[in-house]
Structure formats: C-alpha cells, structure tokens
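Heads up: the structure comes next, in structure tokens.
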Amino acid sequence: MRIRWTEGAVGNLDQVEEYIAQDNSPAAVATVNKIIDSAQMLADYPTIGKRGRERGTRELVVAGLPYIVIYAVQCEELVILRVLHTSMKYP
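Under my numbering, the first residue of the sequence shown carries the number 177, and numbering increases by one thereafter.
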C-alpha cells in the first residue's frame, strides 16, 4: 500500500525535530527516523493501529516514544494525517 504524508504531518515531524534538537540534535534525528520507520510498517499492516478518536482514522502509538501517528486508509493509499505527542489534546 502506498503511503502519503500530508503537509500537516510533515510539519509535525519538523516541529518534533526542531524541539528535540534544541537539546540533542542526534536524538532529534533518531526520534524522527523512528517515527517514520514505524509509519512505514503501515504499508504492509494498515490495521495495526487502533481505531482513531476521529471517524475514519486510525492511531499508531510509536513504540518507545510518546508519539502517535494518526492516519486514514483510503482505497489503495494510506494517508498520514498528523504526528502528535501523547501529551497533546486530540481531537
């Protein structure tokens, strides 16, 4: 299944990297890479995430990190909608 990242999700990743890089640049890169790697698994296992709080979405908790990847499965495409820290209020 093809994965497409929305501008909002890419912006979320940029924010994560910028925030962590203030204290530890290598950790920032490692965190973003782990989020991306986790999201890539969805291409093969699109239902691995739990049903989302918003209708039509699913949520993947990134193992070992306090981040959630919010996505939707649309026909043959999986759309990454947001990447949020677990402390953020959503929706």
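Where is the CB? At the ideal position from N, CA and C, for every residue including glycine.
None of the values given here were measured: they were computed from a predicted structure.
(request) Taking Val237 as the reference, give the member of Gln250, Val205, Thr182, Ile212 with the closest Cα. (result) As a first step, residue 237 must be located in the sequence shown, where it is residue number 61. For Val237, the nearest C-alpha among the options comes from Ile212.
(request) With a cut-off of 8 Å on the beta carbons, I'd call Val259 and Asn188 a contact; round off their distance for me. (result) The residue you call residue 259 lines up with position 83 of the sequence shown. The residue you call residue 188 lines up with position 12 of the sequence shown. At roughly 4 Å, the Cβ-Cβ gap stays under 8 Å, so Val259 and Asn188 are in contact.
(request) Work out the CA separation of Thr182 and Ile256 for me, nearest whole Å. (result) As a first step, residue 256 must be located in the sequence shown, where it is residue number 80. As a first step, residue 182 must be located in the sequence shown, where it is residue number 6. When rounded, the distance between both Cα atoms is 6 Å.
(message) I'd like the span of the alpha helix (DSSP H) that includes Gln191, first residue to last.
(response) Taking the sequence shown and counting its residues from 1, one reaches residue 191 at position 15. Where Gln191 is concerned, the enclosing alpha helix (DSSP H) stretches over 183-197.
(request) Tell me whether Val249 counts as near the ligand ADP, meaning its Cβ is closer than 7 Å to at least one heavy atom of that ligand. (result) Looking for the ligand ADP in the displayed structure turns up nothing, as the structure carries no ligands at all.
(request) Give the single residue among Lys210, Ile246, Thr223 whose Cα lies nearest to the Cα of Gly240. (result) Numbered from its first residue, the sequence shown carries residue 240 at position 64. Comparing Cα-Cα distances from Gly240 to each of Lys210, Ile246, Thr223, the minimum goes to Lys210.
(request) Could you tell me whether any Cβ in chain C is nearer than 8 Å to the Cβ of Asp190? (result) Given the protein chain composition of this structure (a single chain), no chain C is represented.
(request) Name the residue from Glu235, Arg229, His261 whose alpha carbon lies nearest to the alpha carbon of Pro242. (result) Here residue 242 refers to the residue found at position 66 when the sequence shown is read from its first residue. Residue His261 is the option with its Cα nearest to Pro242.
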